[in-house]
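Undergrad: Quick note, the sequence shown lines up with residues 2 to 301 if you use this note's numbering. Glycine included, each C-beta is placed from N, C-alpha and C at the ideal position.
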Amino acid sequence: PGTLERWNIGWEDLKAVNPRLIMVRVSGYGQTGPYSKRSGYDRIALGFSGYMYPTGFPDRFPVRPAFPTADYNTGTFGALSAMLALYQRDAQGGEGQMIDLGLYEAPFRITADLITKYMMNGEVRERIGNRNPTFSPAGTFETKDGRYVQIAAGGDGVFKRLADAIGMPELATDPRYAQSAARIERADELEALLGEWIKAHEFADIEARLVGGNVPFGGIYTAADIAEDPHFEARNNIVTVPDEELGDIPMPGVSPNLTGTPGRVAHAGPPIGHHTEEILGEMLNLSSADIDALKADGIV
Numbered sequence: 002p003g004t005l006e007r008w009n010i011g012w013e014d015l016k017a018v019n020p021r022l023i024m025v026r027v028s029g030y031g032q033t034g035p036y037s038k039r040s041g042y043d044r045i046a047l048g049f050s051g052y053m054y055p056t057g058f059p060d061r062f063p064v065r066p067a068f069p070t071a072d073y074n075t076g077t078f079g080a081l082s083a084m085l086a087l088y089q090r091d092a093q094g095g096e097g098q099m100i101d102l103g104l105y106e107a108p109f110r111i112t113a114d115l116i117t118k119y120m121m122n123g124e125v126r127e128r129i130g131n132r133n134p135t136f137s138p139a140g141t142f143e144t145k146d147g148r149y150v151q152i153a154a155g156g157d158g159v160f161k162r163l164a165d166a167i168g169m170p171e172l173a174t175d176p177r178y179a180q181s182a183a184r185i186e187r188a189d190e191l192e193a194l195l196g197e198w199i200k201a202h203e204f205a206d207i208e209a210r211l212v213g214g215n216v217p218f219g220g221i222y223t224a225a226d227i228a229e230d231p232h233f234e235a236r237n238n239i240v241t242v243p244d245e246e247l248g249d250i251p252m253p254g255v256s257p258n259l260t261g262t263p264g265r266v267a268h269a270g271p272p273i274g275h276h277t278e279e280i281l282g283e284m285l286n287l288s289s290a291d292i293d294a295l296k297a298d299g300i301v
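1. Residue range of the beta strand (DSSP E) that R26 falls in?
2. If you draw a straight line from the alpha carbon of Q180 to that of M121, how long is it in whole angstroms?
3. Near P59, which residues of its chain fall below 6 Å by C-beta distance, leaving aside the five closest residues on each side in sequence?
4. Enumerate in chain order the residues of its own chain whose CB-to-CB distance from F49 is below 6 Å, with the five nearest sequence positions on each side excluded.
5. Given 8 Å as the limit, is there contact between the region 194–210 and the region 144–153, that is, 3 or more CB pairs closer than that?
6. Going by DSSP in three states, D249 sits in which element: helix, strand or coil?
7. Do you know whose CA, among K200, E96, A225, L163, lies nearest K145's CA?
8. Thinking just about the alpha-carbon of each residue, which of F68, Q98, N74 is nearest to the one in A17?
9. Is G3 helix, strand or coil by DSSP?
10. In the DSSP assignment, find the beta strand (DSSP E) that holds D244 and state where it starts and stops.
11. D101 bridges to which residues according to DSSP?
12. DSSP beta-bridge partners for I10?
13. Between the Cα of S256 and those of T241, H268, V242, N237, spot the shortest distance and give me the residue it belongs to.
14. According to DSSP, which residues form a beta bridge with G140?
15. V218 by DSSP, collapsed to three states: which one?
16. Out of Y88, P63, L5, F109, state which residue places its alpha-carbon closest to the alpha-carbon of Y30.
17. Specify the secondary structure class of Q32 as computed by DSSP and reduced to three states.
18. Whole angstroms is fine: what's the gap from N133's alpha carbon to L211's?
Given below as structure tokens:
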């Protein structure tokens with residue numbers, strides 16, 4: 002915050018030129034508040050937002066997600082905010098406005114009831130690994146052939162289907178596990194039992210039984226698994242985009258899927274400086290001689 006103002010292209014400067022302007026500003030902590038001048042990155046934002054503290058296992062440090070969750074979610078929030086501002090301006094007769102996003106705010110917003118439970122009950126959510134605090138069984142398990150799987154069977158009905166699928170129908174009527182509250186209380190015991198069964202069976206067998214029994218189940222996929230899975234291909238989740246330097250580049254396709262106006266990945270991204278002459282010439286009205294002089298001086 003403050004950098005654009007020093008360059009005389011801040012919100013107030015640009016709004017005076019174009020009152021219909023929609024400006025999205027993203028900084029570590031937002032444009033206001035006692036921390037607004039601090040710098041911030043994805044990792045810093047995840048720690049500050051409360052997102053990172055409950056993530057991981059209880060006997061280890063908090064774990065940062067493998068991908069830049071704060072960066073991506075902030076980009077999504079920024080895009081949605083810009084569309085809302087455009088709608089308010091163009092469809093409802095409004096004016097331009099500035100959108101102020103702190104990098105920590107998007108991950109804070111998706112921490113669900115984290116702050117509500119603390120401020121109402123004094124409860125600080127701690128790390129519990131892959132377990133779900135509100136139902137059981139739910140977790141990550143290893144198969145006989147070294148694959149990792151996820152199972153979520155917390156409801157009484159789905160737990161009965163799980164018990165049938167693994168050949169232990171008696172679990173669904175056992176008073177220790179028959180009701181959800183009892184399963185939560187005995188989660189360690191129940192999930193250890195389920196883990197033993199999974200460890201004794203190979204992935205394909207488990208998948209056939211659980212999917213066939215309508216039990217929520219899925220493998221934990223590597224990039225290799227994704228590349229080979231027919232579902233990703235069927236939904237065009239992976240597309241190939243040409244690049245001038247690297248050739249064809251596979252990458253995630255456009256999501257979500259719109260039936261009437263489906264999106265597409267237009268290009269892999271132009272090289273640095275690709276549009277420099279276009280911007281200098283067409284937008285700033287510099288002549289070819291002016292641009293050549295800038296090149297000679299090493300400015301562009």
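TA: Looking at the atomic coordinates:
1. Unbroken beta strand (DSSP E) run through R26: 23–28.
2. Each residue's alpha carbon lies about 27 Å from the other.
3. Same-chain partners within the cutoff: R128.
4. So the list reads Y105, once near-sequence residues are dropped.
5. The answer is yes - the region 144–153 touches the region 194–210, with three or more Cβ pairs under 8 Å.
6. Reduced to three states, the DSSP call for D249 is strand.
7. The shortest Cα separation from K145 among K200, E96, A225, L163 belongs to K200.
8. Of F68, Q98, N74, the residue nearest in Cα terms is Q98.
9. In the structure shown, G3 adopts coil according to DSSP, grouped into three states.
10. It spans 239–244 - the beta strand (DSSP E) in which D244 sits, taken as one unbroken run.
11. DSSP lists R26 as partners of D101.
12. Answer is none; I10 lacks a bridge partner.
13. Considering only alpha carbons, the answer is N237.
14. Answer is I152.
15. The sequence given here places Phe at residue 218; Val does not occur at that position. It is a strand residue.
16. Among Y88, P63, L5, F109, the Cα nearest to that of Y30 belongs to F109.
17. If DSSP states are grouped into helix, strand and coil, Q32 belongs with coil.
18. So the alpha carbons of these two residues sit roughly 19 Å apart.
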